[in-house]
Amino acid sequence: MTERSSLRTRAVAGEPVDPTYRAIGTPVVQATSFVVEPGEVGFSAADMQEEQPYFYGRWGSPTVRVLEQRLADLDDGEDAVCFASGMAAASGLLLHLLRAGDHAIVSDVCYAGVAELCAGALRRLGVEITFADLSDLEEVRGALRPGTRLVYAETPVNPTLRLADVEALADLAHRAGAALAVDSTIATPFGLRPLALGADYVLHSLTKYACGHGDALGGVVVGRRAAMAALRQDALVHLGAAMSPSSASLILRGLVTLPLRMRAHEEGARAVAEFLERHPRVRRVLYPGLASHPQAELARRQLQNASGLLAFVADGGDALARRLAERLRLILYAVSLGKHRSLVYFLPTEDLLRTSFPLQGDKAARFRAVAGEGLFRLSVGLEAPEEIVADLEQALR
Ligand SMILES: Cc1ncc(COP(=O)(O)O)c(C=O)c1O
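This is how it looks when you write it as structure tokens:
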């Protein structure tokens, strides 16, 4: 592997041959404690050194460290910190960066867990949050103020597939003295390059495409070396949501095929999106790979892969959800995304507005106009595209 190897080659050959056994593949080191010399490592996280021996599993461990280095490499970041889940990565970063009186701008439609954390715990701790439409640069410009420390974006957004222009947001945030964090879970490193476009932090829920097989939870933040050292000390060691070595091993296995899987997910999602767009029961299809996506030009400019997640609005709402759950044979009715299996899940609009999305007035009305009774979120898996389409066709008939 050379410095200039393609991402596809780096995904396969970037995992080092294990130095202990010369194993092709990273051993799972399940130990939680490591033998050290007296005085070699400080007992408190305050004394943590960047290059120190392994000490205690919550601070870092060999299998997880290989995964961190692989993820930093794939996103062209200097370093990375892994967490037990995507939410642990997001909450760790937000709690590390923001304190009482700070202001943050957060996407007004983003993964529900992040939206609810910001509206709940962060506000209770005295952090001022403005929820904004990050696809509207004028709205972002208007929301920035002297105390703004962070702009937190997700692109494409779960579940509306709205996009944010990372380069433009980085420019706006930096001019105002704020940092930009981008949750790039749905795009993966093969679809979007947030750090190259100017973001300071990139996050992924590794539970999704990175793992890809639906058998491990994980999350990561990638960024500059000093920033990652501070995040590890403050958020990983003290909040404690460390990734297990066995999860790291499953995610390392997933990364090898991630570029190939993303191509297959995109191929399947495009076929399904085009089928749904022609279906008489379907009112709207939201997918960044379609020419009809409201930000198709931005998708062409910033996404190298449109991913496998789409949402559609169809007549029938709840009743249709029950019917799909009963009649689909290949696609499973289940939450989550980015797995080998195709999954569909109905998100009722009024539930989203009550629990997750802080939209009011005109914004709520616009959301209702787009989402109707609710969004069917469909994560297109790795099955043959024509068979996924046939399954939907028989179930929608
Ligand atoms: C975009 C996005 N970010 C973060 C998360 C949270 O990740 P996890 O479920 O691994 O905690 C999710 C989960 O669905 C997600 O879709």
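Mapping to the working numbering: the sequence shown position 131 is 224, numbers consecutive.
We put the CB at the ideal spot given by N, CA and C, even for glycine.
Distance cut-off 6 Å: residue i Cβ against heavy atoms of ligand 1
{"i": "Thr-278", "result": "yes"}
{"i": "Leu-310", "result": "yes"}
{"i": "Thr-300", "result": "yes"}
{"i": "Tyr-204", "result": "yes"}
{"i": "Met-180", "result": "yes"}
{"i": "Asn-398", "result": "no"}
Chain-order list of residues whose beta-carbon lies under 8 Å from that of residue i (same chain, five-residue window excluded)
{"i": "Val-105", "result": "Val-349"}
{"i": "Val-110", "result": "Ala-116, Ile-117"}
{"i": "Tyr-149", "result": "Thr-125, Ser-126, Phe-127"}
{"i": "Leu-86", "result": "One cannot answer for residue 86 here, as it falls past the ends of the chain, which runs 94 to 490."}
{"i": "Thr-113", "result": "Pro-120"}
Beta-carbon proximity list for residue i, same chain, < 7 Å, skipping 5 on both sides
{"i": "Leu-396", "result": "Ala-280, Gly-284, Leu-285, Pro-381"}
{"i": "Gly-194", "result": "Gly-219, Gly-240"}
{"i": "Leu-440", "result": "Pro-252, Gly-467, Leu-468, Arg-470"}
{"i": "Arg-216", "result": "Ile-222"}
{"i": "Leu-332", "result": "Gly-185, Leu-188"}
{"i": "Leu-345", "result": "Glu-108, Thr-119, Val-159, Leu-160, Arg-163"}
{"i": "Ala-165", "result": "Glu-171, Asp-172, Ala-173, Val-315"}
{"i": "Cys-304", "result": "Gly-311, Leu-343, Ile-344, Gly-347"}
{"i": "Ala-357", "result": "Leu-475"}
{"i": "Glu-133", "result": "Pro-146"}
C-beta atoms of residue i and residue j nearer than 7 Å
{"i": "Val-314", "j": "Leu-186", "result": "yes"}
{"i": "Ser-200", "j": "Ala-236", "result": "no"}
{"i": "Val-365", "j": "Val-482", "result": "yes"}
{"i": "Ala-399", "j": "Glu-359", "result": "yes"}
{"i": "Ser-449", "j": "Val-121", "result": "no"}
{"i": "Arg-163", "j": "Gly-107", "result": "yes"}
{"i": "Asp-140", "j": "Leu-288", "result": "no"}
{"i": "Leu-262", "j": "Val-250", "result": "no"}
{"i": "Leu-379", "j": "Leu-256", "result": "no"}
{"i": "Ala-138", "j": "Val-330", "result": "yes"}
{"i": "Ser-342", "j": "Thr-156", "result": "yes"}
{"i": "Leu-227", "j": "Val-259", "result": "no"}
{"i": "Ala-457", "j": "Leu-446", "result": "yes"}
{"i": "Leu-383", "j": "Val-375", "result": "no"}
{"i": "Arg-461", "j": "Ala-335", "result": "no"}
{"i": "Leu-417", "j": "Ala-488", "result": "yes"}
{"i": "Ala-292", "j": "Leu-273", "result": "yes"}
{"i": "Ala-212", "j": "Pro-387", "result": "no"}
{"i": "Ala-412", "j": "Thr-442", "result": "no"}
{"i": "Ile-198", "j": "Ala-225", "result": "yes"}
{"i": "Ala-271", "j": "Arg-238", "result": "no"}
{"i": "Arg-377", "j": "Val-406", "result": "yes"}
Per DSSP, cross-strand counterpart(s) of residue i
{"i": "Glu-221", "result": "His-196"}
{"i": "Pro-441", "result": "Gly-467"}
{"i": "Thr-241", "result": "His-196"}
{"i": "Gly-316", "result": "Asp-172"}
{"i": "Leu-436", "result": "Leu-425, Ser-472"}
{"i": "Leu-288", "result": "In the DSSP output, where bridge partners are listed per residue, Leu-288 has none listed."}
{"i": "Glu-247", "result": "Asp-276"}
{"i": "Phe-405", "result": "Val-378, Phe-469"}
{"i": "His-297", "result": "Val-313"}
{"i": "Tyr-491", "result": "The structure shown has nothing for residue 491, since the chain only spans 94 to 490."}
Contacting residues, own chain, Cβ-Cβ under 6 Å from residue i (five flanking each side not counted)
{"i": "Leu-167", "result": "Pro-282"}
{"i": "Leu-430", "result": "Lys-301, Leu-402, Ser-472"}
{"i": "Pro-146", "result": "Val-129"}
{"i": "Gly-307", "result": "Lys-432"}
{"i": "Glu-143", "result": "Ala-322"}
{"i": "Ala-558", "result": "Summary: the structure shown does not reach residue 558, with the chain confined to residues 94 through 490, and so no result is reported for it."}
{"i": "Ala-205", "result": "Ser-449"}
{"i": "Ile-424", "result": "Ser-435, Val-437, Asp-484"}
{"i": "Arg-420", "result": "Ala-488"}
{"i": "Gln-123", "result": "Pro-338"}
{"i": "Val-207", "result": "Ala-183"}
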